[in-house]
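Student: Quick one: this structure, given as structure tokens, is what I'll be asking you about.
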Amino acid sequence: MEIEINNTSTADDDYVQVQCLRPAGRKRVPCRIRVTTPPATQATTVVLTNPDGRLRFPATANTTATVTVPSDGSWAAFEITGETGSAALNDAVIEAHCNTATGATLATKTVTVFWFDNATIAVNVGGPYSVQGNRYTPAPANAVNYVANARIRPAGVNCAAPQVANLRIGILQNNLGAVHAVTWSAPAPTWNAGVAVGTRVDVPTSVRRTRSLPAGTFNDSEAQVAPLYDQPGKGSTLDPNSLQPPTGCPAAAAATSFDSPSPTMPPLVLPMQNGAGVNVGSVRYNTVSTSTVDGFIIWTVVFNTTTNEVCALRQRLWDLNVDSAAVGVQQATAAATDTAPTQDPVTAGPFGNNVINDPANQVITPTGTTTLIR
Amino acid sequence: MLPDAVPPLPPTEALMHEARAVHDVATLQLSDYRIQAGSSWIVATLAPAADSGAATIPGAYVEAETGQLVNVDQHEPVVMKQGRWQAQAAGDAQAPTQGRYAWTEPMDRPMRKLAPEDLYSPFAHGGTVLFQWRASDDGAPPRHAHLLFPEWAPYAAQALRASAHLSQTLAEVGAAAPARAEATQLVVGPNAVSATLAFRALLGAADGFAAQAPALLEQAEPRRLSTFVYLGLTAAPATDRARWSQVLSRQVTQSTQPERLLAMAHGAYAAALFASEAQAHALALLDAIHTRVRALGIASGAGTPWQALFANRP
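From first to last, the protein sequence lines stand for chains X and S. Residue numbering for the first sequence follows the working numbering, starting at 18 and increasing by one per position. Residue numbering for the second sequence follows the working numbering, starting at 644 and increasing by one per position.
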């Protein structure tokens, strides 16, 4: 009998990706087995085993598989997935036994279960925030710069194999929470012509607009680059190097991107109306402060560019808690270390930036009363 | 009477105006502007209305008797852009000589990175712009609005009037020696807009252009130098970028003239703001300029144009 991995006779593609833990999932590789000296007298019951435990056929519980191999030499299909990674190329072995798991060995086939190690996600804190024109921004630098790395193992994996060729190291980010506020105050009137001297108008002393994300976790992404935080070659690409081959493959490099939330803080102008609904003028408020309180979790992921599937390899938390009215350096803060993933990334919409911009998630709160006199 | 080309601006806004003008001139595409029935390029000075750039809440008002903020429909704030423009030049003699603009845009919108309009809006703060006017626009945001240095308005108009020949020359720079020679002449010629476009074309297409760079940079007047620095950081072929960084760094370390260092700083600042792939090199150049300014004892504190440039730098 003979066994083919990926349904080809070539050994260049005898690979299967190790299972993903975050999110849980297995990439199935189609395989097949047939008699090599047909016709046999009858179909053969074959039990496939994997003594080294690196494979499954294909689900977690399927440590063996029973296949009926036709007598006429035609193929019988089965699937494998990767349970644990290979230490060396071709160290996972499929054995085909006659009738039972301990029956005579009719065929063997080696496979490599490839996996990723040395995964890191760096969040390098960038420039401090300051008010520049109508923006509160770290410009010309970014608030944070991201660097994602991972290495494919075992050494010597054929990166051109179809199971590997479309895989890239990328970056995925979720919003854990956000509260953005702008406060306006110091009301100053502009009176319409004909408004009598001595006309008194009460106006709010200050106005505060707050936008918040509802409870939950949201993908910090955008339609063109989703499910990732960033991808090259798209209209909304931030960094052309945001997807890269893993270390160990040709042209490997760190995947990079950045984030630079920069809220606007324009003055606020509102009309003043009397009881008859007539505008008597407008009141202009200066921006007193803007604040941003954001929590993020970011991952280094393996990304399949054809199926859009992701597998998280490493995660890090970072925060942006900046206030234009605060004293001291205002900048992002990042966790001191990255860790193995502890939660599944949210990959679907709605995206955090769209949710927080939903008018349903904003509150406008006037406070105090100031009397303006013409 | 023409409105002031750029009204007096606070330092950070003045810096943003400069950075945007560098970016907009350096990235200008002649093919974006044409003359057709009901459509023409126009170079105009903008005069924003008093509240242009301010936010308002559509439908909301302050109830004069009670001081209550009435916002029945719970609209979100929008930013107003409104004012008038007065043409300095136009491609079509039939194009209007003045006009008004008025639109609103969400105060907050999903935004992954800042566009030049987000950091400096001439529609809110004033300036001289080139745009493609259409009769049907009726006050809507003008198409292909590029901020110009005010004194470069005539150069933009001249370049557009010669765009057919200029475009062909620039397109052939990499393949035809006469075109390359003509472009090289344009770089040092009197028209600063044509010079910038020619510099960009030579940068992208001409082998060995970096070797000519020091002489071209040294001859350039300050604003032209700003755009050349911006292009050197952002438009050089990937294989040439390291060499351009060295060329620009050498210009910094050899310069003793504050206005030239300031010009280079503006180019680097614009590149850091608007070209993410060049940001690291641009910030490094900006920091080198900061070091040079300190070494030369040039005043860079409050009240100087340097303060805003270096405000967020270590």
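Note that the Cβ used here is the ideal one computed from N, Cα and C, for glycine as well.
For the beta strand (DSSP E) that contains S/Phe917, what are its first and last residues?
Tutor: Where S/Phe917 is concerned, there is no enclosing beta strand (DSSP E), although the alpha helix (DSSP H) around it starts and stops at Pro901 to Phe917.
Student: Between which two residues does the alpha helix (DSSP H) harbouring X/Gln27 extend?
Tutor: Reading off the sequence, residue 27 of chain X comes out as Thr, not Gln. It is not in any alpha helix (DSSP H) - X/Thr27 carries neither H nor E in the DSSP assignment.
Student: Residues of chain X with CB closer than 8 Å to the CB of S/Lys756, please, in chain order.
Tutor: Leu255 and Ser277
Student: Whether or not the region 171 to 187 of chain X and the region 261 to 268 of chain X are in contact is what I'm after, with contact meaning three or more pairs of Cβ atoms, one per stretch, closer than 8 Å; do they touch?
Tutor: yes
Student: To the nearest angstrom, report how far apart X/Asn371 and S/His666 are at their CA atoms.
Tutor: 29 Å
Student: Assess, as a yes-or-no matter, whether the region 103 to 114 of chain X is touched by the region 53 to 71 of chain X under the definition of 3 or more beta carbon pairs within less than 8 Å.
Tutor: yes
Student: What are the residues in the region 155 to 172 of chain X lying within 8 Å of chain S by C-beta distance?
Tutor: Pro155, Ala156, Pro157, Ala158 and Asn159
Student: So with CB distances below 9 Å, who are the chain X contacts of S/Ile685?
Tutor: Ordered by position in chain X, no residue passes the 9 Å Cβ test against S/Ile685, which lies about 25 Å from the chain.
Student: So, at 7 Å on beta carbons, what are the nonlocal neighbours of X/Asp256 in its own chain, with the 5 sequence-adjacent residues on each side left out?
Tutor: Closer than 7 Å at the Cβ level, and outside the excluded window around X/Asp256, lie Asp247, Thr273, Ser274 and Phe275.
Student: Using a Cβ-Cβ cut-off of 9 Å, state whether X/Phe235 counts as contacting chain S.
Tutor: Cβ-Cβ to chain S under 9 Å: no for X/Phe235.
Student: Can you round the beta-carbon distance between X/Met205 and X/Arg301 to whole angstroms, since I take them to be within the 8 Å contact cut?
Tutor: With the sequence shown as reference, residue 205 of chain X is identified as Ala, and Met is not the correct amino acid for it. That belief holds up - the Cβ atoms of X/Ala205 and X/Arg301 are roughly 5 Å apart, short of 8 Å.
Student: Let me know the secondary structure DSSP gives X/Ser103 once reduced to three states.
Tutor: coil
Student: Identify the continuous beta strand (DSSP E) that holds S/Ser683 and give its terminal residues.
Tutor: S/Ser683 -> beta strand (DSSP E) spans Ser682 to Pro691.
Student: At which residues does the beta strand (DSSP E) containing S/Leu874 begin and terminate?
Tutor: Segment Pro865 to Thr877 is the alpha helix (DSSP H) holding S/Leu874; no beta strand (DSSP E) there.
Student: Output needed for X/Pro47: all residues of its chain with C-beta closer than 7 Å, excluding positions within five of it in sequence on either side, in chain order.
Tutor: Excluding positions up to five away in sequence, the list reads Asn23, Asn24, Ala94 and Glu96.
Student: Taking the straight line between their C-alpha atoms, what separation do you get for X/Ala232 and X/Gly369?
Tutor: Cα atoms of X/Ala232 and X/Gly369: separation of roughly 11 Å, rounded to the nearest angstrom.
Student: Taking 8 Å as the cut-off, does the region 680 to 689 of chain S touch the region 770 to 782 of chain S (at least 3 CB pairs, one atom from each stretch)?
Tutor: yes
Student: Just how far apart, CA to CA, sit X/Gly150 and X/Ala351?
Tutor: 27 Å
Student: Leaving aside the five residues before and after S/Ala943 along the sequence, list all residues of the same chain whose C-beta is less than 6 Å from its C-beta, in chain order.
Tutor: In the sequence under discussion, the amino acid at residue 943 of chain S is Ser, which differs from the Ala named in the question. Hits under 6 Å: Val936 and Trp949.
Student: Would you please state the rounded distance, in angstroms, between the beta carbons of S/Ala690 and S/Gln731? I believe it to be under 8 Å.
Tutor: No, S/Ala690 and S/Gln731 are not in contact; Cβ-Cβ is about 13 Å, not under 8 Å.
Student: Pick helix, strand or coil for X/Ala93, following the three-state DSSP scheme.
Tutor: DSSP, reduced to helix, strand and coil, places X/Ala93 within a strand of the structure shown.
Student: Out of S/Ala835, S/Leu840 and S/Gln894, which one is the CA nearest neighbour of S/Ala856?
Tutor: S/Gln894
Student: Going along the chain, which residues of its own chain have a beta-carbon closer than 8 Å to the beta-carbon of X/Thr323, five neighbours each way excluded?
Tutor: These residues qualify, in order along the chain: Asn183.
Student: Enumerate in chain order the residues of its own chain whose CB-to-CB distance from S/Gln922 is below 6 Å, with the five nearest sequence positions on each side excluded.
Tutor: Ala915
Student: What are the boundary residues of the beta strand (DSSP E) that includes S/Gln741?
Tutor: Gln741 to Pro749
Student: If you follow the alpha helix (DSSP H) that X/Ala165 is part of, which residue opens it and which one closes it?
Tutor: From DSSP, X/Ala165 is part of no alpha helix (DSSP H) but of the beta strand (DSSP E) over Val161 to Arg170.
Student: Between S/Ala844 and S/Leu868, how many whole angstroms is the CB-CB distance? I'm expecting something under 8 Å.
Tutor: The pair is not a contact, with the Cβ atoms about 18 Å apart (cut-off 8 Å).
Student: In chain S, which residues lie with their C-beta within 9 Å of the C-beta of X/Pro221?
Tutor: Scanning chain S for C-beta atoms nearer than 9 Å to the C-beta of X/Pro221 yields Val705, Gly710, Gln711 and Leu712, reported in chain order.
Student: Run through DSSP, which three-state label would X/Ala139 get?
Tutor: strand
Student: Who are X/Cys115's beta bridge partners in DSSP?
Tutor: Answer by DSSP bridge pairing, in chain order: X/Val63.
Student: Around the C-beta of S/Gly681, are 16 or more other C-beta atoms found within 10 angstroms, so that it is buried, or is it exposed?
Tutor: exposed
Student: Which same chain residues end up closer than 6 Å to X/Thr101 when comparing Cβ atoms and leaving out the 5 residues on each side of it in sequence?
Tutor: Arg71
Student: For the beta strand (DSSP E) that contains X/Val33, what are its first and last residues?
Tutor: DSSP places X/Val33 inside the beta strand (DSSP E), whose first and last residues are Tyr32 to Gln34.
Student: So, are the CB atoms of X/Ala9 and X/Thr222 less than 9 Å apart?
Tutor: Residue 9 of chain X lies beyond the residue range present for chain X, which begins at 18 and ends at 391; the question has no answer from this structure.
Student: Let me see if you follow: with CB-CB separation under 9 Å, is S/Ile700 close to chain X or not?
Tutor: It does; some Cβ of chain X falls within 9 Å.
Student: If you follow the beta strand (DSSP E) that S/Gln711 is in, where does it begin and where does it stop?
Tutor: Gln711 to Val713
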